[in-house]
Structure formats: C-alpha cells, structure tokens
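Everything on this sheet refers to the single structure shown next.
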Amino acid sequence: THILAYEGDSKWFWFEGNFESYEKNKIERLGPDAARPHRATYKKLTRG
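In the working numbering, the protein residues as written are 38 to 85.
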C-alpha cells in the first residue's frame, strides 16, 4: 500500500507502507508536534 500525504505548507509526501508506519516516519522527519492534529490557518480574501 502507499500514502500520498498533504503535509502543510503545500508539501506532498509519498510513502510506501501502512498508516502506522507513515505516522512513525512523520514523527521522525518532522518532530512530535507534527503528529498532533491541528486546524489549518487561512488568510481572509480581500479585494483591491
């Protein structure tokens, strides 16, 4: 199996393996804070 993950800051990451292995890999690559769920932040649209 494989995972194509969208990991914030418009970065895509291809991972071959199951979700449990992906989460372990994500913590190793990005640190423990990356594994915690958080809401995305958006800018308000303005005209002009």
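Ideal placement from N, C-alpha and C gives every residue a C-beta, glycine not left out.
With DSSP as the reference, identify every bridge partner of residue 41, one or two as the case may be. Taking the sequence shown and counting its residues from 1, the one referred to as residue 41 is at position 4. Looking at the DSSP assignment, residue 41 forms a beta bridge with 51.
Tell me the residue span of the alpha helix (DSSP H) that contains residue 59. The count along the sequence shown starts at 1 and reaches residue 59 at position 22. 56-67 is the extent of the alpha helix (DSSP H) around residue 59.
Under 9 Å between the Cβ atoms of residue 43 and residue 49? Start at 1 with the first residue of the sequence shown, and residue 43 comes out as number 6. Start at 1 with the first residue of the sequence shown, and residue 49 comes out as number 12. In this structure, residue 49 lies closer than 9 Å to residue 43 by Cβ.
CA-CA distance, residue 54 and residue 38? Here residue 54 corresponds to residue number 17 of the sequence shown, with the count starting at 1. Here residue 38 corresponds to residue number 1 of the sequence shown, with the count starting at 1. Roughly 5 Å between the two C-alpha positions.
Starting from the C-beta of residue 85, find all residues in its chain whose C-beta is less than 7 Å away, skip the five residues before and the five after it, and write them out in chain order. Here residue 85 refers to the residue found at position 48 of the sequence shown. Answer for residue 85: no residue qualifies.
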